[in-house]
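Shown next, in structure tokens, is the structure this report addresses.
There are 2 protein chains.
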Amino acid sequence: MALAIGDAHTPLTKMVKDALRERILNAEFEPGTRLVEGRISEEMGVSRMPVREALRELAAEGLVKIIPRRGATVSMPAADQKMDLIEVRATLEALNARLAARRKDPERIEELQRVLAAGESDIEKSDFSEMRAHNDAFHTALGEVSGNVTLQDLIRTLRDQTAMLFKQDDPVKVRETWREHADILRAVIAGDEELAAILASRHVYNAVEPEQATD
Amino acid sequence: MALAIGDAHTPLTKMVKDALRERILNAEFEPGTRLVEGRISEEMGVSRMPVREALRELAAEGLVKIIPRRGATVSMPAADQKMDLIEVRATLEALNARLAARRKDPERIEELQRVLAAGESDIEKSDFSEMRAHNDAFHTALGEVSGNVTLQDLIRTLRDQTAMLFKQDDPVKVRETWREHADILRAVIAGDEELAAILASRHVYNAVEPEQATD
DNA sequence: CCTATTTTTTTGGTATACCAAATATGACGA
DNA sequence: TCGTCATATTTGGTATACCAAAAAAATAGG
Numbered sequence: 001m002a003l004a005i006g007d008a009h010t011p012l013t014k015m016v017k018d019a020l021r022e023r024i025l026n027a028e029f030e031p032g033t034r035l036v037e038g039r040i041s042e043e044m045g046v047s048r049m050p051v052r053e054a055l056r057e058l059a060a061e062g063l064v065k066i067i068p069r070r071g072a073t074v075s076m077p078a079a080d081q082k083m084d085l086i087e088v089r090a091t092l093e094a095l096n097a098r099l100a101a102r103r104k105d106p107e108r109i110e111e112l113q114r115v116l117a118a119g120e121s122d123i124e125k126s127d128f129s130e131m132r133a134h135n136d137a138f139h140t141a142l143g144e145v146s147g148n149v150t151l152q153d154l155i156r157t158l159r160d161q162t163a164m165l166f167k168q169d170d171p172v173k174v175r176e177t178w179r180e181h182a183d184i185l186r187a188v189i190a191g192d193e194e195l196a197a198i199l200a201s202r203h204v205y206n207a208v209e210p211e212q213a214t215d
Numbered sequence: 001m002a003l004a005i006g007d008a009h010t011p012l013t014k015m016v017k018d019a020l021r022e023r024i025l026n027a028e029f030e031p032g033t034r035l036v037e038g039r040i041s042e043e044m045g046v047s048r049m050p051v052r053e054a055l056r057e058l059a060a061e062g063l064v065k066i067i068p069r070r071g072a073t074v075s076m077p078a079a080d081q082k083m084d085l086i087e088v089r090a091t092l093e094a095l096n097a098r099l100a101a102r103r104k105d106p107e108r109i110e111e112l113q114r115v116l117a118a119g120e121s122d123i124e125k126s127d128f129s130e131m132r133a134h135n136d137a138f139h140t141a142l143g144e145v146s147g148n149v150t151l152q153d154l155i156r157t158l159r160d161q162t163a164m165l166f167k168q169d170d171p172v173k174v175r176e177t178w179r180e181h182a183d184i185l186r187a188v189i190a191g192d193e194e195l196a197a198i199l200a201s202r203h204v205y206n207a208v209e210p211e212q213a214t215d
């Protein structure tokens, strides 16, 4: 009993969450499986509270579905929701780019250029983990150029929700990705709202839709 | 001690939340005021748990800001965030209408027409509370026509966040609102994505910006 | 074999109580 | 007066324990 990974001092909620997430992603728990609080808490040797919390958070991430009075079940993310997510995210990223092109705050733009350069140098070094960080940084910075905090929050949430569904770091694709970043930034600097919006939207579809669509 | 409104059997969390919300909206608590869990729970005669929960929910609504290890403070929504919210909501409502016009599920459309008729009859009867319910129903139904659940969720959240900031039921405006609903529905039925999107977007600006909105 | 009823599980919601870590506050000495 | 250290508060996180309402499972009846 008790969690296999007994890192004292990391919140139990997080441990429970990670454990569940892994099992879900490993298909150890198939979609539709009921996740009974009591059972999990017993199995992991924690009280129900951190389990509840973990389930809630997983629900926010989209891995679990909670129906009132029915409890939590493993939800099959991908498939049906996948296109929905992409559609929404593309739309918001487009709005974001449009606003960025409209406001184009000089300082933030500089920051963007810095991140862009960093990302491009990561490609040379094939440093994927740095690249991922810079990718996030680029999108974050772009969000800051637009200046719309609400929008940023939503996009971040959507990014979290799609993150694990479509993650992959194909060397070819990565190069493509940063080329697109450069294009978007160029459009933003030029103040071409329409172009920036279109490029940003397309960027989402490209990054997220590998080759073989599961749907 | 204890909540003034002692409705047994309504969750304490909700009572706490409502009480806090009211005081915040009444400016009894000014923006920036610290909301100390212990103090509130004592004052209202409940334990800290429902207070925490209430604060979290209020944070989700945007009335309160929670900074890690710093606790909750009253945030001043409106002003700066207002346009952000509207911008995002308008964009998403536009996407929603666009998708609705694309898929136009016959059954849902019927539902929409029913709600539209109900809303229009509310106008005759000047039944504002019914009207508000039908207004929600209309938007919900429109969301269902589009078929994008993710989108629906986001829009609902945004609607919640804007609800109390811009609420008003002016008899004249109300008539306008339902005329716009009719226009949107017409565009959806006609399958005119572009028009539906534009009308839906404008609808948000109109409903939310008392004077007028020509963006 | 299917349905109605009873029993057992679960979920939600809450109280109470600790504790460690982080923050706020106040007193103190430079 | 100012920076620093000690002390008091708070927040987060968790355990444990109840309870009512709702759902699921088991059982009785037709």
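Just so you know, the protein sequences line up as chains A and B, in that order. At the far end of the first sequence sits residue 215, using our numbering, and the numbering has no gaps. At the far end of the second sequence sits residue 215, using our numbering, and the numbering has no gaps. Quick reminder that beta carbons are idealized off the backbone N, C-alpha and C, glycines included.
Chain-ordered neighbours of residue i on chain B, where CB pairs are closer than 8 Å
{"i": "L151(A)", "result": "D84, E87 and V88"}
{"i": "N148(A)", "result": "D84, E87 and V88"}
Residue closest to residue i, alpha-carbon to alpha-carbon, out of the options
{"i": "A182(A)", "options": "E110(A), S126(A), V149(A) and V208(A)", "result": "E110(A)"}
{"i": "P50(B)", "options": "A19(B), R70(B) and V74(B)", "result": "A19(B)"}
{"i": "E53(A)", "options": "T13(A), V88(A) and Q81(A)", "result": "T13(A)"}
{"i": "S146(A)", "options": "T73(A), V64(A) and I184(A)", "result": "I184(A)"}
{"i": "F138(B)", "options": "A60(B), S47(B) and A200(B)", "result": "A200(B)"}
{"i": "A117(B)", "options": "G38(B), G45(B) and W178(B)", "result": "W178(B)"}
{"i": "E124(A)", "options": "V149(A), V172(A) and T150(A)", "result": "V172(A)"}
{"i": "Q81(B)", "options": "I86(A), E180(A) and N148(A)", "result": "N148(A)"}
{"i": "L25(B)", "options": "R56(B), G62(B) and S41(B)", "result": "G62(B)"}
{"i": "D192(A)", "options": "I86(A), A101(A) and A72(A)", "result": "A101(A)"}
{"i": "G119(B)", "options": "D136(B), V208(B) and A72(B)", "result": "D136(B)"}
Pairwise C-alpha distance: residue j and residue i
{"i": "V115(B)", "j": "A190(B)", "result": "18 Å"}
{"i": "L95(B)", "j": "M83(A)", "result": "14 Å"}
{"i": "L99(B)", "j": "M131(A)", "result": "35 Å"}
{"i": "R103(A)", "j": "N206(A)", "result": "26 Å"}
{"i": "S126(B)", "j": "P31(A)", "result": "48 Å"}
{"i": "T162(B)", "j": "V204(B)", "result": "11 Å"}
{"i": "L58(A)", "j": "S75(A)", "result": "10 Å"}
{"i": "D170(A)", "j": "A90(A)", "result": "21 Å"}
{"i": "Q152(A)", "j": "V88(A)", "result": "13 Å"}
{"i": "F128(A)", "j": "L158(A)", "result": "22 Å"}
{"i": "L195(B)", "j": "A97(B)", "result": "9 Å"}
{"i": "T10(A)", "j": "P68(A)", "result": "29 Å"}
{"i": "V64(B)", "j": "R23(B)", "result": "12 Å"}
{"i": "R175(B)", "j": "D160(A)", "result": "41 Å"}
{"i": "R108(B)", "j": "R202(A)", "result": "30 Å"}
{"i": "A197(A)", "j": "A60(A)", "result": "27 Å"}
{"i": "E37(A)", "j": "V46(A)", "result": "10 Å"}
{"i": "E93(B)", "j": "E43(A)", "result": "44 Å"}
{"i": "V16(A)", "j": "H134(B)", "result": "42 Å"}
{"i": "A213(B)", "j": "E180(B)", "result": "Here A213(B) scores only 40 on pLDDT, less than 50, and its place in the model should not be relied on; the value that follows carries that caveat. Those two C-alpha atoms are separated by around 14 Å."}
{"i": "F29(B)", "j": "L35(A)", "result": "41 Å"}
{"i": "L112(A)", "j": "T150(A)", "result": "20 Å"}
{"i": "L85(B)", "j": "I155(B)", "result": "11 Å"}
{"i": "G216(B)", "j": "S41(A)", "result": "Because chain B in this structure spans residues 1 to 215, residue 216(B) falls outside the shown range and cannot be described."}
{"i": "T33(A)", "j": "I66(A)", "result": "12 Å"}
{"i": "R39(B)", "j": "R21(B)", "result": "16 Å"}
{"i": "T140(B)", "j": "S121(B)", "result": "19 Å"}
{"i": "R48(B)", "j": "R70(A)", "result": "26 Å"}
{"i": "A72(A)", "j": "A27(A)", "result": "16 Å"}
{"i": "A187(A)", "j": "D105(A)", "result": "14 Å"}
Residue i: contacting residues in chain A (beta-carbon distance under 7 Å)
{"i": "L63(B)", "result": "Those within 7 Å of L63(B) in chain A number zero; the least Cβ separation is about 14 Å."}
{"i": "L154(B)", "result": "V88 and L154"}
Contacts of residue i in chain B (Cβ-Cβ under 9 Å)
{"i": "Q113(A)", "result": "Going along chain B, no residue has its Cβ under 9 Å from Q113(A), so there is no contact; the nearest lies around 25 Å."}
The ligand PLP heavy atom lying under 7 Å from the CB of residue i
{"i": "I66(B)", "result": "Because no ligand of any kind appears in the structure shown, any question about the ligand PLP cannot be addressed here."}
Short of 7 Å Cβ to Cβ, which residues in the segment 25-57 of chain A face chain B? Flagged: no residues at all.
Give, in chain order, every unbroken run of the beta strand (DSSP E) that is at least 3 residues long and sits entirely within the segment 55-108 of chain B. Complete beta strand (DSSP E) runs here, min 3: 64-67 and 71-74.
Any C-beta of chain B within less than 8 Å: which residues of the segment 90-124 of chain A qualify? Result list: T91, L92, L95 and L99.
Would you list, in chain order, the members of the segment 131-147 of chain A that have their beta-carbon closer than 9 Å to a beta-carbon of chain B? Residues passing the 9 Å Cβ filter: G147.
Residue ranges of each alpha helix (DSSP H) run of no fewer than 4 residues wholly in the segment 140-181 of chain B, ordered along the chain? For the segment 140-181 of chain B, the continuous alpha helix (DSSP H) assignments of 4+ residues that do not extend past its boundaries occur at 149-163, in sequence order.
Unbroken stretches of the alpha helix (DSSP H), 4 residues or longer, contained in the segment 11-47 of chain A: Runs found: 12-25 and 37-44.
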